[in-house]
Amino acid sequence: MSFHRDTWAEINLDAISHNVKSMKKHIGANVKLIAVVKANAYGHGDFQVAKAAISAGAEQLAVAFLDEAIALRMLGITLPILVLGATRSEDAQLAIEYDLTLTCFSKDWLDDAKQNIRQGQLKLHLKVDTGMGRIGVTKEEELNEILVFLNSNPCFKLLGVYTHFSTADEIETDYFKLQYERFTNMIRLIPDDNIQIHCANSATGLRFPDHAFNAVRFGIAMYGLTPSLDIVDELPFPLEEAFSLHSKLTHVKKVPKGTKVSYGATYEAGDDEWIGTIPIGYADGWIRRLSGSEVLVDGERVPIIGRICMDQLMVKLPSEKPVGTKVTFIGKQGNEFISVDEIAKRLETINYEVTCSITSRVPRLFLQNGSIIEVRNPLLINAATIC
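Residues in the sequence shown are numbered consecutively from 26, following my numbering.
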């Protein structure tokens, strides 16, 4: 599938493979790696990342919602898939049909799900809320009640129990230790030694592999992004960023001193200046708050000037450049590198949000061994499906 606008993201699947293999070695052979590919693999491309992670040794996958899991099944992924978020109880039978594992988070949900199971057995992981405050069981009494219910209802099969830490990526570990203690107290109630127990996200798995029990949910670090800048110095192996974002100059002109540029006329040329136009804007996820940030042209940093438009933006060039010159928004050119973390810092947010925010109208090019192995353009794929 081709694309017809000179803006694209490159996904380095070798980086995904490196990060998975490194984490597998770090956590040891007795701990399974669950590759988290929710939110279209954090904006990278769920199917392609899933395949790369599986080839590198991932034993399971995790997503946020049922539709994400079904989409992977429809594309031929056969590995166990855990749905981490809340699924409507009326979709329990659908989960059975697609051989998916759902998260159980309350006794009421189980009661409702049972009413919607016509045949088969629904696979479950039980979520314990130890202090994140999202979904999950909080009291031992409810956990016991659920275990009794599951034991007497063969239409359910409990495969795992897990929790999620809210501060595992921070220097201060007191709250992390409190959550860990709460979790260990709760899982003492689980009688089956074959149950999969997991509390480790990327940060926990990287920093505290001895707390991993028998599985790690490998999310943000699989994409080569640190869970937090606070723990960069604690990383046990180098992470390789998989995501880069590029475009090209579509128009170059020299403007006289005093020329206004873009909406609101907020930028005025201080001298005769070379201005380049690039076909990317806030509809692609390069939002207006990034006005004034830098991009790479011929290995040099150049500033975005004026307000970012919906589909285009302008940069001040150091000299005349040919139309078609490559522009890098995230990634490397020459000796210069703009990381996802640099963009996140500019936006006063986290790296997760940056890659997730690059919209689906930006084609993804998947690279392996330095070559493009697939181009995914959702705009044309969706149009072809409708036709």
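Heads up, the beta-carbon is just placed ideally off N, CA and C, and yes, glycines get one too.
Note that the coordinates shown come from a computational prediction; the quantities given were computed from them, not determined experimentally.
Helix, strand or coil at residue i [DSSP, three-state]
| i | result |
| --- | --- |
| M26 | Here M26 scores only 48 on pLDDT, less than 50, and its place in the model should not be relied on; the value that follows carries that caveat. Here M26 sits in coil by DSSP. |
| A240 | strand |
| Q73 | helix |
| K346 | coil |
| G413 | No statement about residue 413 is possible, as the shown extent of the chain runs from 26 to 412 and does not include it. |
| Q140 | helix |
| M99 | helix |
| M335 | coil |
| L91 | helix |
| E122 | helix |
| V365 | helix |
| W33 | strand |
| S114 | helix |
| L315 | helix |
| S80 | helix |
| E265 | coil |
| A193 | coil |
| I59 | strand |
Boundaries (first-last residue) of the alpha helix (DSSP H) holding residue i
| i | result |
| --- | --- |
| M211 | 199-212 |
| I52 | 38-52 |
| G230 | 227-232 |
| A294 | Unbroken run through A294: none, as it is neither H nor E. |
Inter-residue spacing [alpha-carbon to alpha-carbon] between residue i and residue j
| i | j | result |
| --- | --- | --- |
| M26 | I398 | With a pLDDT of only 48 at M26, under 50, the local geometry of the prediction cannot be trusted, and no value is derived from it. |
| T284 | I333 | 17 Å |
| I222 | H189 | 12 Å |
| G359 | R371 | 22 Å |
| D154 | A225 | 14 Å |
| S272 | P304 | 7 Å |
| G158 | T374 | 21 Å |
| I62 | A87 | Sequence inspection shows Val at residue 62; the Ile mentioned does not correspond to that position. C-alpha separation (whole angstroms): 6 Å. |
| T251 | D194 | 9 Å |
Within 7 Å, strictly: CB atoms of residue i and residue j
| i | j | result |
| --- | --- | --- |
| L127 | L149 | yes |
| N141 | S177 | no |
| W181 | L125 | Rather than Trp, the amino acid found at residue 181 in this sequence is Phe. Contact flag unset, no. |
| N394 | G249 | no |
| M13 | F208 | It is not possible to answer for residue 13, since the shown part of the chain is limited to 26 through 412. |
| T291 | M339 | no |
| Y307 | R314 | no |
| A267 | I41 | yes |
| V21 | A294 | This structure cannot settle anything about residue 21, because the visible part of the chain is limited to 26 through 412. |
| A75 | I102 | yes |
| D296 | V387 | no |
Extent of the continuous beta strand (DSSP E) run through residue i
| i | result |
| --- | --- |
| C381 | Segment 376-382 is the alpha helix (DSSP H) holding C381; no beta strand (DSSP E) there. |
| V320 | 319-322 |
| E298 | 298-303 |
Taking contact to mean at least 3 C-beta pairs separated by less than 8 Å, is the region 30-38 in contact with the region 380-393? yes
Looking at C-beta atoms only, is the number of pairs between the region 158-178 and the region 121-140 that lie closer than 8 Å three or more? yes
Taking 8 Å as the cut-off, does the region 284-298 touch the region 345-358 (at least 3 CB pairs, one atom from each stretch)? no
Count the CB pairs spanning the region 104-111 and the region 79-95 that are closer than 8 Å, and state whether there are at least three. yes
Taking one C-beta from the region 251-265 and one from the region 226-234 each time, how about it: are there three or more such pairs within less than 8 Å? yes
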